[in-house]
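Heads up, the sequence shown is in numbering that gives the first Met the number 0, so the first residue is 0 and it goes up one at a time. By construction, the Cβ of each residue, glycine as well, lies at the ideal position given by its N, Cα and C atoms. Treat the numbers as computed from the prediction; the structure is a model and nothing was measured.
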Amino acid sequence: MTPPNPHGSIGPLRLRRHVVDQARVLYGIAVTLETELEKYRRQISTDAYPMSIGEVANLYRDGELDIHPEFQRLFRWTTTQQTRLIESILLGIPLPSIFVAASESGWDVVDGVQRLSTIFHFMGLLRNEDGETLPPFKCDEAPFLKSLDGMTYEPGNDSPGLSQAQRIDFKRARLDMKIIKRQSDKRAKYDLFQRLNSFGSVASEQELRNSLLVSISRKHFLWLSEISDNVDFLTVLNLPSRSIRERYHMEIALRFITLRNIPESNLRTLGFLGEFLTEEVVPLTEISNEDLAEMKAVFERTFSVLNKAAGADILRKLNSASGRPVGPFSATAFEVLALGVAYHGAPARITPEVVLDKQRALWSDPEFSPGFSTGIRADQRMRKTIPKGRQLFS
Numbered sequence: 000m001t002p003p004n005p006h007g008s009i010g011p012l013r014l015r016r017h018v019v020d021q022a023r024v025l026y027g028i029a030v031t032l033e034t035e036l037e038k039y040r041r042q043i044s045t046d047a048y049p050m051s052i053g054e055v056a057n058l059y060r061d062g063e064l065d066i067h068p069e070f071q072r073l074f075r076w077t078t079t080q081q082t083r084l085i086e087s088i089l090l091g092i093p094l095p096s097i098f099v100a101a102s103e104s105g106w107d108v109v110d111g112v113q114r115l116s117t118i119f120h121f122m123g124l125l126r127n128e129d130g131e132t133l134p135p136f137k138c139d140e141a142p143f144l145k146s147l148d149g150m151t152y153e154p155g156n157d158s159p160g161l162s163q164a165q166r167i168d169f170k171r172a173r174l175d176m177k178i179i180k181r182q183s184d185k186r187a188k189y190d191l192f193q194r195l196n197s198f199g200s201v202a203s204e205q206e207l208r209n210s211l212l213v214s215i216s217r218k219h220f221l222w223l224s225e226i227s228d229n230v231d232f233l234t235v236l237n238l239p240s241r242s243i244r245e246r247y248h249m250e251i252a253l254r255f256i257t258l259r260n261i262p263e264s265n266l267r268t269l270g271f272l273g274e275f276l277t278e279e280v281v282p283l284t285e286i287s288n289e290d291l292a293e294m295k296a297v298f299e300r301t302f303s304v305l306n307k308a309a310g311a312d313i314l315r316k317l318n319s320a321s322g323r324p325v326g327p328f329s330a331t332a333f334e335v336l337a338l339g340v341a342y343h344g345a346p347a348r349i350t351p352e353v354v355l356d357k358q359r360a361l362w363s364d365p366e367f368s369p370g371f372s373t374g375i376r377a378d379q380r381m382r383k384t385i386p387k388g389r390q391l392f393s
């Protein structure tokens, strides 16, 4: 009796062809993966070696290691976190690797800002944005080393310090340094920074974007920070202090910059707003000084006229019955009114009275009745709000 064919009706010749075809598919996948690996491995070149804390501290003293003092305003470790790091070093516990990007002037810290800041702060070396040396960090009581409470690196007038032998041991402790070489692609550095920092102690998405922005272009970070501190802008947003601490106002400013002139056809493929804004960090760093100046001027004119129109009430919803503002900052109002004014360049014809009239028109439109955006994603909402704002102020 002929044994049953496990492949059904496929004959020997067809079976061989099927196997060959499958092999070709698998080979193609393997070749494609290898091609992609070769391509992207070439984009980022790295090196690695251990260095003592003393050696790294000398680089910092000589101005060859940039740990971004701007970050001290954005987010910082608690005293407890800093104390535990110092304790770990004294106990000889290995620390995670420090990632730096090589530049013409030295090393730029990509991941490890807080660890290095804590070490330099404890040693009395840490400088602020103005180049002033900060007072040495005093430890709290640590989980294992209770005697660290109130202690500094060197003895002070009002604090005990490590002994000379302990200071030598501290300086000899090794840090694993991972160096991203200068020839690495800027986009690859950005991607690495995002991967390394997205699971760290950053409290909000915008703080991560700020970190990314500083790592690529300090000039553009300072520009975004400056326009975000505009008095008219902050008055109009009227955000709670917690949102300011988490840099939500900087996210709104970034939305303004990236969405002001976005083609309406792009709104259909924008996707998740948070991911879109993060992806726009690199293009932002490529904007020229001339264009930055133009954007800043439009930004200032826009929020000046909005503030004159109704101050902190202009970007709130209007109650359809009473006509009074209700609720907190409204993303819908921002996208219609602020982006609508800005799309046309905030010209003189758009007066505070015009803005007030358009605000009433927005909230009296049945299409934008309360709850219209409930349960939908930001990109879906913006397909309606952004074109509406451009049409209102045309």
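query: Tell me which residue opens and which closes the alpha helix (DSSP H) that Thr117 is part of.; result: Val112 to Phe121
query: Taking just the CA atoms, how far does Arg241 sit from Gly388?; result: 29 Å
query: Measuring only the C-alpha atoms, how far is Leu115 from Glu86?; result: 14 Å
query: Exposed or buried, which one is Phe271 when buried takes at least 16 other CB atoms within 10 Å?; result: exposed
query: Going by beta carbon distance, what residues of the same chain come within less than 7 Å of Asp46, once the five residues before and after it are set aside?; result: Ile178 and Lys180
query: Alpha carbon to alpha carbon, what distance is there between Met150 and Ser158?; result: 6 Å
query: Whole angstroms is fine: what's the gap from Glu204's alpha carbon to Asn318's?; result: 32 Å
query: Under the assumption that Ser224 contacts Met249 (Cβ atoms under 8 Å), give the Cβ distance between them as a whole number of angstroms.; result: 7 Å
query: So who's on the other strand from Thr151, going by DSSP bridges?; result: Gly160
query: Which residues in the same chain have their Cβ closer than 6 Å to the Cβ of Ser96, if we skip the five residues on either side of it in sequence?; result: Asp175 and Lys177
query: What's the gap between the Cα of Asp231 and the Cα of Ser372?; result: 27 Å
query: With distances taken between CB atoms, is the gap from Leu266 to Arg382 smaller than 8 Å?; result: yes
query: Which residues does DSSP list as the beta-bridge partners of Met381?; result: Its beta-bridge partners do not exist; DSSP assigns none.
query: So, is Asp228 buried or exposed, given that buried needs 16 or more other C-beta atoms within 10 angstroms?; result: exposed
query: Compare the C-alpha of Ala330 against each of Ala309, Glu285 and Ala252 and name the closest.; result: Ala252
query: Would you list the residues sitting across from Tyr48 in a DSSP beta bridge?; result: Met176
query: Please return the same chain residues whose Cβ sits closer than 8 Å to the Cβ of Pro142, not counting the five positions on each side in sequence.; result: Arg83 and Glu86
query: Exposed or buried, what is Gly322 when buried is set at 16 or more other beta-carbons lying within 10 Å of its beta-carbon?; result: exposed
query: Assign Lys316 to one of three DSSP states: helix, strand, or coil.; result: strand
query: So what's Thr132 in DSSP terms, helix, strand or just coil?; result: strand
query: Less than 7 Å between C-beta atoms, sequence neighbours within five positions excluded: which residues of the same chain meet that for Gly160?; result: Met150, Thr151, Tyr152, Glu153 and Pro154
query: Tell me whether Phe198 sits in a helix, a strand or coil according to DSSP, three-state version.; result: Summary for Phe198: the model assigns pLDDT 45, below 50, so the residue's position carries little reliability; its value from the coordinates is reported in the next sentence. In the structure shown, Phe198 sits in coil (DSSP, three-state: anything other than H, G, I, E or B).
query: In the DSSP assignment, the alpha helix (DSSP H) including Ala292 goes from what residue to what residue?; result: Asn288 to Ala309
query: Go ahead and label Tyr48 buried or exposed: buried means 16 or more other beta carbons lie within 10 angstroms of its beta carbon, across all protein chains shown.; result: exposed
query: Is Glu293 near Thr257, with beta carbons less than 8 Å apart?; result: no
query: Can you find a C-beta in chain C that's less than 8 Å from the C-beta of Leu236?; result: The question asks about chain C, but that chain is absent: this structure has only one protein chain.
query: With burial defined as no fewer than 16 other Cβ atoms inside 10 Å of the residue's Cβ, what is the status of Ile167: buried or exposed?; result: exposed
query: With a threshold of 6 Å on Cβ separation, who are the neighbours of Ser8 within its own chain once the five nearest residues in sequence on each side are excluded?; result: With a pLDDT of only 49 at Ser8, under the threshold of 50, the placement of this residue in the model should not be trusted, and no figure is reported.
query: Residues in its own chain within less than 7 Å of Leu233 by CB, not counting five upstream and five downstream?; result: His248
query: To which residues of the same chain is Thr78 closer than 6 Å at the C-beta, ignoring the five residues directly before and after it?; result: Asp139
query: Given a cut-off of 8 Å on the beta-carbon distance, is the pair Leu305 and Val353 in contact?; result: no
query: Would Leu314 and Ala341 be called neighbours here (beta carbons separated by less than 8 Å)?; result: no
query: To the nearest whole angstrom, what separates the beta carbons of Ile349 and Phe392, a pair I think is in contact under 8 Å?; result: 6 Å
query: Less than 8 Å separating the beta-carbons of Val112 and Ile215?; result: no
query: On a Cα-Cα basis, can you pick out the residue from Leu338, Ser368, Leu355 and Ser363 that is closest to Gln390?; result: Leu338
query: Could you pull out every residue in the same chain whose Cβ sits closer than 6 Å to the Cβ of Gly199, ignoring the five residues on either side in sequence?; result: Here the model assigns Gly199 a pLDDT of 49, short of 50, so the residue's position is not dependable, and the following value carries that caveat. If we look at Gly199 and ignore the five residues flanking it on each side, it has no Cβ neighbours.
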